[in-house]
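Engineer:
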Amino acid sequence: MASRNFLGKTITRWFCIVILLLVAGCAKPPQAGQPGGPAPAVVEVWHSLQGAEADALQTQVQTITKTHPEVLIKLKYVPEENFVAFSYQAEAGGEGPEIFIASREILRQLYGQGALARSAYIDQEAFPATLVSFRFGGVGYALPWLTDAPLLYFRTDTASVPTNLADLFSAKGGVTVTSVDTATFSAWWNGQGGQLLNAGKPVLNDPNNVAFLQQLLSWQNAQLLRINPNALTAFTGGQTPYIIAGASQAKSFTQQNVPWGSIPLAELVSGPGQTLVGETLGIANSAVETNPEMTPSIQTVEKALLTPEVEGALMQAGQLLPANMAYYRLPEAQKGVFPQANTALTKAWPLAGDAPEWKLIPLQDEAWSNALAGKILPEDALANAQEKAGNALLAKGQS
Numbered sequence: 135m136a137s138r139n140f141l142g143k144t145i146t147r148w149f150c151i152v153i154l155l156l157v158a159g160c161a162k163p164p165q166a167g168q169p170g171g172p173a174p175a176v177v178e179v180w181h182s183l184q185g186a187e188a189d190a191l192q193t194q195v196q197t198i199t200k201t202h203p204e205v206l207i208k209l210k211y212v213p214e215e216n217f218v219a220f221s222y223q224a225e226a227g228g229e230g231p232e233i234f235i236a237s238r239e240i241l242r243q244l245y246g247q248g249a250l251a252r253s254a255y256i257d258q259e260a261f262p263a264t265l266v267s268f269r270f271g272g273v274g275y276a277l278p279w280l281t282d283a284p285l286l287y288f289r290t291d292t293a294s295v296p297t298n299l300a301d302l303f304s305a306k307g308g309v310t311v312t313s314v315d316t317a318t319f320s321a322w323w324n325g326q327g328g329q330l331l332n333a334g335k336p337v338l339n340d341p342n343n344v345a346f347l348q349q350l351l352s353w354q355n356a357q358l359l360r361i362n363p364n365a366l367t368a369f370t371g372g373q374t375p376y377i378i379a380g381a382s383q384a385k386s387f388t389q390q391n392v393p394w395g396s397i398p399l400a401e402l403v404s405g406p407g408q409t410l411v412g413e414t415l416g417i418a419n420s421a422v423e424t425n426p427e428m429t430p431s432i433q434t435v436e437k438a439l440l441t442p443e444v445e446g447a448l449m450q451a452g453q454l455l456p457a458n459m460a461y462y463r464l465p466e467a468q469k470g471v472f473p474q475a476n477t478a479l480t481k482a483w484p485l486a487g488d489a490p491e492w493k494l495i496p497l498q499d500e501a502w503s504n505a506l507a508g509k510i511l512p513e514d515a516l517a518n519a520q521e522k523a524g525n526a527l528l529a530k531g532q533s
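Numbering (the working numbering), first residue to last: 135 to 533.
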């Protein structure tokens, strides 16, 4: 009789435990993106990618949504030429995406129109120079995603590594470029004392600037500096042993079986030469759609897009290189162009998005172009640029 009572009490206890567990399970709040839970947050992303890059982005987005079912990412292609106007009109009507993916220049213009909010996600792995280029007033309004940097390429079958600029432009026979501008020659120009500002004032006609432009003209007159819009084709075909081109070009050279090597441009100057970062794609969140409710979802998507794996996949589909420093620590990034690209990006010129230099660079480029075309003496060309500098700095907006 006692054992029967004991058995009955035991069954009753287990029944109560089961009921409590079921109640506790039912009391658990439903999870976003899970069956029976609230619908996932929809994060719309407007981008300017096409072809294989757009396909790669779609594939990565599908992977992200599987990993993060609490978000649903909707992609929309917007042509680059219409990106700014289309985005501004949408936000003016209280609409638009949560996230923009576009070039640095487009994002600068969107910032100027008040279309961007502070970056929802804080990126700890971007190269400093790429990160600071999206900072305005000391605040980050976008995050670097893919980027590029110029390198000196040489054909390993017909050329060797120069030791300095004098070596390159004498015994080695000079270099071919598609154009002569500050972006291409920034490491050599500022490595020899070139500057655009001194104590906050423009100094385009600084003696060091004049000396560098005179040097460019001298190299050109001696046919040691060759300007050829088809420089890449000439290098690929073996007509020129040295060119300056983006690190991203290495992929094309390898595919075409070109025997190539590369070095960062700053290695050829004795001063602290810093190169301007090349074309850069960034990720930004919109001023209209970034609110406390959506911020966690935006952060999730931005963080996922900025991983080395996603950036690496987009690099394979396109041209630009990852802006994520962690990518360059991966085993596959210890060979080829990546060590040189890593060096160039690590030591690149950290020019803020609203730095006044951006307005002065076009003036210097114009002076260089006029002098090299034989229209005017280098010192006069830079003197003219200096006269225009004051008005350029007073002009509103970004160059």
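C-beta: ideal position from N, C-alpha, C; glycine also.
Residue range of the alpha helix (DSSP H) that V344 falls in?
Structural biologist: P341 to N355
Engineer: Classify P501: buried if its beta carbon has 16 or more other beta carbons within 10 angstroms, exposed otherwise.
Structural biologist: In the sequence as presented, Pro is not what sits at residue 501; that position holds Ala. When all chains shown are included, A501 counts as buried.
Engineer: For the 8 Å Cβ check, are there 3 or more pairs between the region 382-395 and the region 455-471?
Structural biologist: Yes: the two stretches touch, three or more of their Cβ pairs being nearer than 8 Å.
Engineer: Taking 8 Å as the cut-off, does the region 271-287 touch the region 228-245 (at least 3 CB pairs, one atom from each stretch)?
Structural biologist: yes
Engineer: Tell me whether the region 476-486 and the region 300-315 touch, counting them as touching only if at least three CB pairs, one residue from each stretch, are closer than 8 Å.
Structural biologist: Output reads no: the region 300-315 does not touch the region 476-486.
Engineer: Kindly list the residues whose CB is nearer than 7 Å to the CB of L351, restricted to its own chain and excluding five residues on each side of it in sequence; keep chain order.
Structural biologist: A505, L506 and P512
Engineer: Here's the rule: buried if 16 or more other CB atoms are within 10 angstroms of the residue's CB, otherwise exposed. What is A263?
Structural biologist: By the beta-carbon neighbour count (other beta carbons within 10 angstroms, threshold 16), A263 is buried.
Engineer: Any idea if P398 is buried or exposed, counting beta-carbon neighbours within 10 angstroms, 16 or more meaning buried?
Structural biologist: Within a 10 Å sphere around the beta-carbon of P398 sit 16 or more other beta-carbons, which makes this residue buried.
Engineer: Can you name, in chain order, every residue of its own chain whose Cβ lies under 8 Å from the Cβ of E232, other than the five neighbours on each side?
Structural biologist: Excluding sequence neighbours, E232 sits near V177, E178, V179, N419, S420, E423, T424, M428, S431, I432 and V435.
Engineer: Between Q520, A489 and G334, which has its C-alpha nearest R269's C-alpha?
Structural biologist: A489
Engineer: Below 8 Å on the Cβ atoms is my guess for R289 versus F234; work out the distance and round it to an integer in Å.
Structural biologist: That belief does not hold up - the Cβ atoms of R289 and F234 are roughly 40 Å apart, past 8 Å.
Engineer: Suppose you measure from the CA of P473 to the CA of Q223; what does that come to, to the nearest Å?
Structural biologist: Between P473 and Q223, the C-alpha separation is close to 43 Å.
Engineer: For K522, which residues from the same chain have a beta carbon less than 6 Å from its beta carbon, with the 5 sequence-adjacent residues on both sides left out?
Structural biologist: L497
Engineer: Determine, using beta carbons only, whether S396 and Y287 come nearer to each other than 9 Å.
Structural biologist: yes
Engineer: Identify whether F234 lies in helix, strand or coil by the three-state DSSP scheme.
Structural biologist: strand
Engineer: Identify, in the order they occur along the chain, each residue of the same chain with its Cβ nearer than 8 Å to the Cβ of Q192, setting aside the five sequence neighbours on each side.
Structural biologist: The residues are L209.
Engineer: Look up W279 in the DSSP assignment and say whether it is helix, strand or coil.
Structural biologist: strand
Engineer: Quick check on DSSP: helix, strand or coil for V444?
Structural biologist: helix
Engineer: My guess is that W322 and V403 are in contact by the Cβ rule of under 8 Å, so how many angstroms apart are they, rounded?
Structural biologist: 6 Å
Engineer: I'd like to confirm the pairing. Which residues does DSSP put opposite F288 in its beta bridges?
Structural biologist: Y376 and G395
Engineer: Taking the alpha-carbon positions, what's the I377 to Q349 distance?
Structural biologist: 18 Å
Engineer: Could you work out which residue in S503, A526 and L330 is closest to A515 when comparing CA atoms only?
Structural biologist: S503
Engineer: For A478, collect the residues of the same chain with a Cβ closer than 7 Å to its Cβ; drop the 5 residues on either side in sequence, then sort them by chain order.
Structural biologist: A283, L285, A381, P398 and T409
Engineer: Nearest-angstrom Cα distance between N362 and T310?
Structural biologist: 7 Å
Engineer: Would you mind working out which of E187, P172, A175 and A173 sits nearest V444, comparing C-alpha positions?
Structural biologist: E187
Engineer: Looking at N339 and A517, is the spacing between their C-beta atoms short of 9 Å?
Structural biologist: yes
Engineer: Just mark T374 as buried or exposed, buried being the case when its beta carbon has 16 or more other beta carbons within 10 Å.
Structural biologist: buried
Engineer: Rounded to the nearest angstrom, what separates A475 and L440 at their Cα positions?
Structural biologist: 18 Å
Engineer: Between G416 and V295, what straight-line distance do the alpha-carbon atoms span, to the nearest angstrom?
Structural biologist: 34 Å
Engineer: Locate the beta strand (DSSP E) running through Y211, then write down its first and last residues.
Structural biologist: V205 to Y211
Engineer: With F303 and Q326 assumed to form a contact (beta carbons below 8 Å), what rounded beta-carbon distance in angstroms separates them?
Structural biologist: Not quite, the Cβ-Cβ distance comes to about 13 Å (not below 8 Å), so this is no contact.
Engineer: Using three-state DSSP, classify R252 as helix, strand or coil.
Structural biologist: Coil.
Engineer: Between the Cα of I207 and those of G307, A451 and H181, spot the shortest distance and give me the residue it belongs to.
Structural biologist: H181
Engineer: Does chain D have any CB closer than 9 Å to the CB of L485?
Structural biologist: Structure shown: chain D not included; a single protein chain is present.
Engineer: Can you tell me where the beta strand (DSSP E) holding A263 begins and where it ends?
Structural biologist: Per DSSP, A263 belongs to no beta strand (DSSP E); it is in the alpha helix (DSSP H), P262 to V266.
Engineer: When the Cα atoms are used, what is the spatial distance from S267 to A251?
Structural biologist: Taking the straight line joining both Cα atoms gives about 16 Å.
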